[in-house]
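Engineer: Dumping the structure here so I can ask a few things about it.
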Amino acid sequence: MCRFATNVPKSRFSPQAVSITGLGTFHIQKWRSFENGEVLTFQRPLFLLSATVAEIRELRHASVPVPGKKSNE
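Terminal number for the sequence shown in my numbering: 73, no gaps in between.
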């Protein structure tokens, strides 16, 4: 099952992330850089693997505590 995560009103629907249940979240990371008087826009695919999947597969990963989030999510 996939879910779309978005902060955009439904009238301007533009999914910003896709959550794949039990696996992780995929989204396109965008950023801008100012070089030689020009604004350059970059984007790259980014996949965040579920911490549960990483633990099951015994993958080593860094984690950052998030306020208000349970440690087992």
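Even for Gly, the Cβ is constructed at its ideal location relative to N, Cα and C.
1) On a Cα-Cα basis, can you pick out the residue from Pro-67, Glu-35, Arg-60 and Pro-45 that is closest to Ala-51?
2) Report the option in Gln-16, Val-18 and Thr-25 whose CA atom is closest to the CA atom of Val-53.
3) I need the DSSP call for Ala-119, collapsed to helix, strand or coil.
4) Quick one: grab the DSSP three-state call for Thr-41.
5) For Met-41, which of Trp-31, Glu-35 and Val-18 has the nearest alpha-carbon?
Structural biologist: Result, derived from the coordinates:
1) Arg-60
2) Thr-25
3) Lying outside 1 to 73, the shown extent of the chain, residue 119 is not represented and no answer is given.
4) strand
5) Note that residue 41 is Thr in the sequence shown, not Met. It is Trp-31.
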